[in-house]
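Participant: Just so you know, the sequences run in chain order A and B.
Just so you know, we're using the working numbering here: the first sequence kicks off at 741 and counts up by one.
Just so you know, we're using the working numbering here: the second sequence kicks off at 936 and counts up by one.
Below is one structure. I have some questions about it.
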Amino acid sequence: MSDRLPGFSTLAVHAGAQPDPTTGARATPIYQTTSFVFNDADHAASLFGLQAFGNIYTRIGNPTNAVLEERVAALEGGTAALAVASGHAAQVVILQQLLQPGDEFIAARKLYGGSINQFTHAFKSFGWNVVWADPDDIASFERAVTPRTKAIFIESIANPAGSITDIEAISTVARKAGVPLIVDNTLASPYLIRPIDHGADIVVHSLTKFLGGHGNSLGGIIVDAGTFDWSTGGKYPMLSEPRPEYHGIRLQETFGNFAFAIACRVLGLRDLGPALSPFNAFMILTGIETLPLRMQKHCDNAKAVAEFLAGHPAVASVSYAGLPSDKYHQLARKYAPKGAGAVFTFSLKGGYDAGVNLVSKLQLFSHLANVGDTRSLVIHPASTTHSQLDDAAKVKSGAGPDVVRLSIGIEDKEDLIADLEQALGA
Amino acid sequence: MNHDAYPDNYIRGILNSVKSIAMVGASPVNVRPSYFAFKYLAQRGYDMIPVNPGHVGKELLGKPFVASLADIDRPIDMIDIFRNSSHIMPVVEEALTLDPLPKVIWMQLGARDDAAAAKAESVGIKVVMNRCPKIEYGRLSSEISWMGVNSRTLSSKRAPAPTQGMRLSLNRMSVGGGDTAASDRAAKNKTEQS
Ligand SMILES: Cc1ncc(COP(=O)(O)O)c(C=O)c1O
Chain A
741 MSDRLPGFST
751 LAVHAGAQPD
761 PTTGARATPI
771 YQTTSFVFND
781 ADHAASLFGL
791 QAFGNIYTRI
801 GNPTNAVLEE
811 RVAALEGGTA
821 ALAVASGHAA
831 QVVILQQLLQ
841 PGDEFIAARK
851 LYGGSINQFT
861 HAFKSFGWNV
871 VWADPDDIAS
881 FERAVTPRTK
891 AIFIESIANP
901 AGSITDIEAI
911 STVARKAGVP
921 LIVDNTLASP
931 YLIRPIDHGA
941 DIVVHSLTKF
951 LGGHGNSLGG
961 IIVDAGTFDW
971 STGGKYPMLS
981 EPRPEYHGIR
991 LQETFGNFAF
1001 AIACRVLGLR
1011 DLGPALSPFN
1021 AFMILTGIET
1031 LPLRMQKHCD
1041 NAKAVAEFLA
1051 GHPAVASVSY
1061 AGLPSDKYHQ
1071 LARKYAPKGA
1081 GAVFTFSLKG
1091 GYDAGVNLVS
1101 KLQLFSHLAN
1111 VGDTRSLVIH
1121 PASTTHSQLD
1131 DAAKVKSGAG
1141 PDVVRLSIGI
1151 EDKEDLIADL
1161 EQALGA
Chain B
936 MNHDAYPDNY
946 IRGILNSVKS
956 IAMVGASPVN
966 VRPSYFAFKY
976 LAQRGYDMIP
986 VNPGHVGKEL
996 LGKPFVASLA
1006 DIDRPIDMID
1016 IFRNSSHIMP
1026 VVEEALTLDP
1036 LPKVIWMQLG
1046 ARDDAAAAKA
1056 ESVGIKVVMN
1066 RCPKIEYGRL
1076 SSEISWMGVN
1086 SRTLSSKRAP
1096 APTQGMRLSL
1106 NRMSVGGGDT
1116 AASDRAAKNK
1126 TEQS
């Protein structure tokens, strides 16, 4: 094959997969095994010492998971990836490579509520201190930088309100501070936005959402852009210093522009243990094959539903970057020209009670705590995903008490609108 | 050659055609990248020659160290330089005195000297800089995909099984159970009847 770059849909179907060498199986087999036989003692030693490529134990790597990893790395334009058990596990593994106790990272205030909790409470107990910044005020990121800052974390399209983050502006801050920019690309998927093209050094996904796409499997993935130099100033010892776990290997020196993904595997996944089941990897891989088709339909449906809601007398406001009147519309046109995603919020004139009433009357929309399913979903964030935040933080993160979040599926848009109409009308 | 981005076909052509590789700066310490690469390339069938004046008299995986390129007794197709950028030029200058000339000069991940590269290219030697031949071999064969690395290759062909061309082993453990009490009785009845 010549060096022409295949299109996104071709990569979504083919990248990382090849007919099985032993059986000829064309679909990627589920290698449902804990462990892999060594050729001999020398082979075993080479694998454990990171001298040879190969499989040891499914907590460190698995051939089904490897296909998923290469596929997502290819779709994001990264050098390598590591799949783990959930999006949250991916976030732990990433920051474990970057922060020592007492270090800081800057995070956008507009994030998935679960990430806000994880950063505020769980990570605090590890001595990783989050410093919040406002993605609508780039200078607030600059002001938050200190000598202990080790990373910046943002969402490309932010949960729950679907706001669009100015990735390039924040990547400039990260570059000036000499720290990597981590972008959670869950709500966009690489079909809509490829953060690496805009300056991200690490991309993270909850595969549970649009990439898997069918609401049936948890998973997370870390993509290494290969762009960051980890060797300067001993700031990232997991990558730049000799690792006692591996007889003094320096990962950056040995693995070059995919050293971060290797560190996540051999220091993070190996020792923390959140391995992805090969069965889940298979389900998610199957989902990814139709990502471009699904994502376009999700976006087209979301736009139609948002337009309907914006014109409805019971609705106070709609926050969807695909609407020309939206605050984030210009950013959406720049970063996500194919569509502004399918997760957004709206608020009802009737406030909290009207929200509860709406959710109970909907027939097609499912009331549950997830996004990025083929099915359309609805939730009231203030009482669920964002319930642990205080009222001020709820409003700041876009989840005030009168707000309802939708995740628009791939059903026929006429049916979704009819369902909302009957639920709002009565 | 644009040394910022090599077409895969350039790298593929090199790795498919060279047979002997002299590795300058090869280390006998088994956590050094040069050791990994040396071992990997030897296992893939390349004729590897370790060059390091500090280790003459010793062997690297059964291959005797030589002090310099001039001490190698056979033509070398490729010189793989495991030294940092400031030590590249003298190695290239020495390489240019060899007869026959090497076909390829390869500088390891992190190493780059554009002046040395231009000098080698002016006499028709192919140059690769800031790459690792082990990683490139692993990438183009997609073996490195086991590590979740983006090989930037696609294929709908069945990969050759690792055992292809080898004799299948007949030395599997045999287990009992082919003969049962019933089959023994049946055989006995048959002999008695005849
Ligand atoms: C944007 C975003 N990031 C991360 C996560 C966490 O992912 P997981 O549930 O797979 O741990 C979610 C889950 O809702 C999310 O929406």
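All C-beta atoms in this analysis are idealised placements derived from N, C-alpha and C, irrespective of residue type, glycine included.
Run the proximity test for D1040 (chain A): is its beta-carbon closer than 8 Å to any non-hydrogen atom belonging to ligand 1?
Facilitator: The nearest non-hydrogen atom of ligand 1 is 8 Å or more from the C-beta of D1040 (chain A).
Participant: Compute the minimum distance between the beta carbon of V1135 (chain A) and the heavy atoms of ligand 1, and state whether it is under 8 Å.
Facilitator: no
Participant: With 16 other CB atoms within 10 Å as the buried threshold, where does M1024 (chain B) fall?
Facilitator: exposed
Participant: Evaluate the contact criterion for the segment 986 to 996 of chain A versus the segment 960 to 974 of chain B: three or more CB pairs, one atom per stretch, below 8 Å.
Facilitator: yes
Participant: So N795 (chain A) and P1018 (chain A) are in contact, right, with Cβ under 8 Å, and what is the actual spacing, rounded?
Facilitator: So it is not a contact: roughly 11 Å between Cβ atoms.
Participant: What residue range does the beta strand (DSSP E) around E844 (chain A) cover?
Facilitator: E844 to A848
Participant: Should A1076 (chain A) go down as buried or exposed, given a rule of 16 or more other Cβ atoms within 10 Å for buried?
Facilitator: buried
Participant: Find the residues of chain A that neighbour K974 (chain B), judging by a C-beta separation of less than 9 Å, and give them in chain order.
Facilitator: S786, Q791 and A792
Participant: On the DSSP letters alone, give me the boundaries of the alpha helix (DSSP H) that H783 (chain A) sits inside.
Facilitator: That run of the alpha helix (DSSP H) goes A781 to F788.
Participant: Beta-carbon within less than 8 Å of G988 (chain A)'s beta-carbon, same chain only, minus the 5 sequence neighbours each way: which residues are those?
Facilitator: P982, listed in sequence order.
Participant: If you draw a straight line from the alpha carbon of A1056 (chain A) to that of A1139 (chain A), how long is it in whole angstroms?
Facilitator: 15 Å
Participant: What residues in the segment 1059 to 1087 of chain B bring their beta carbon closer than 8 Å to a beta carbon of chain A?
Facilitator: Answer in chain order: C1067, I1070, G1073, S1077, E1078, I1079, S1080, W1081, M1082, G1083, V1084, N1085, S1086 and R1087.
Participant: In three-state DSSP terms, what is P1025 (chain B)?
Facilitator: helix
Participant: Considering only DSSP beta bridges, list what K998 (chain B) is partnered with.
Facilitator: In the DSSP output, where bridge partners are listed per residue, K998 (chain B) has B:L995.
Participant: Within the present structure, is the beta-carbon of D924 (chain A) separated from the nearest heavy atom of ligand 1 by less than 8 Å?
Facilitator: yes
Participant: For F950 (chain A) and D760 (chain A), I'd like the C-alpha separation in whole angstroms.
Facilitator: Spanning the two alpha carbons is a distance of roughly 27 Å.
Participant: For V1058 (chain B), which residues from the same chain have a beta carbon less than 8 Å from its beta carbon, with the 5 sequence-adjacent residues on both sides left out?
Facilitator: L1031 and L1036
Participant: Indicate the three-state DSSP secondary structure (helix, strand or coil) for T1085 (chain A) in the structure shown.
Facilitator: strand
Participant: Would you mind telling me which residues of chain B sit closer than 8 Å to Q1162 (chain A), beta carbon to beta carbon, in chain order?
Facilitator: Within 8 Å Cβ-Cβ: nothing; Q1162 (chain A) doesn't reach chain B, min ~47 Å.
Participant: Would you please state the rounded distance, in angstroms, between the beta carbons of G899 (chain A) and L851 (chain A)? I believe it to be under 8 Å.
Facilitator: The sequence shown places Asn at residue 899 (chain A), not Gly. 7 Å between Cβ atoms; contact.
Participant: Pull up the CB-CB distance for I894 (chain A) and T905 (chain A), whole angstroms please, since I reckon it's below 8 Å.
Facilitator: 5 Å
Participant: Interface residues of chain B around I942 (chain A) at Cβ under 9 Å?
Facilitator: Result: empty, since nearest Cβ-Cβ is about 14 Å, beyond 9 Å.
Participant: Check this for me: beta carbons of R1047 (chain B) and Y941 (chain B), under 9 Å apart or not?
Facilitator: no
Participant: Between L958 (chain A) and the rest of its own chain, which residues show a CB-CB distance below 6 Å, the 5 nearest in sequence each way excluded?
Facilitator: S826 and T948
Participant: Going by C-alpha to C-alpha distance, which of A:D937, A:L932 and A:I962 sits closest to S946 (chain A)?
Facilitator: Among A:D937, A:L932 and A:I962, the Cα nearest to that of S946 (chain A) belongs to A:I962.
Participant: Give, in chain order, every residue of the segment 802 to 824 of chain A whose Cβ lies closer than 8 Å to some Cβ of chain B.
Facilitator: For the segment 802 to 824 of chain A, the residues whose beta carbon sits under 8 Å from a beta carbon of chain B are, in order, P803, N805, A806, V807, E809, E810, A813, A814, G818, T819, A820, A821, L822 and A823.
Participant: Anything in chain B within Cβ reach of G1172 (chain A), meaning under 7 Å, just list it in chain order.
Facilitator: The structure shown does not extend to residue 1172 (chain A), since chain A spans only 741 to 1166, so no value can be given for it.
Participant: Measure the C-alpha to C-alpha separation of I1028 (chain A) and F1000 (chain B) and round it to an integer number of angstroms.
Facilitator: When rounded, the distance between both Cα atoms is 50 Å.
Participant: Does the CB of H1022 (chain B) have a neighbour CB from chain A at under 9 Å?
Facilitator: no
Participant: Compare the C-alpha of A862 (chain A) against each of A:V832, A:G1051, A:I800 and A:L1088 and name the closest.
Facilitator: Cα-wise, what sits closest to A862 (chain A) is A:V832.
Participant: Could one say the Cβ of I989 (chain A) lies closer than 9 Å to chain B's Cβ atoms, at least one of them?
Facilitator: yes
Participant: Quick one: is G996 (chain A) near chain B, going by C-beta distance under 9 Å?
Facilitator: yes
Participant: From F793 (chain A) to A830 (chain A), what distance separates their C-alpha atoms?
Facilitator: 22 Å
Participant: Start and end of the beta strand (DSSP E) containing G960 (chain A)?
Facilitator: G960 to D964
Participant: Enumerated in chain order, which unbroken segments of the alpha helix (DSSP H) with a length of 4 residues or greater are wholly contained in the segment 946 to 1016 of chain B?
Facilitator: 968 to 978
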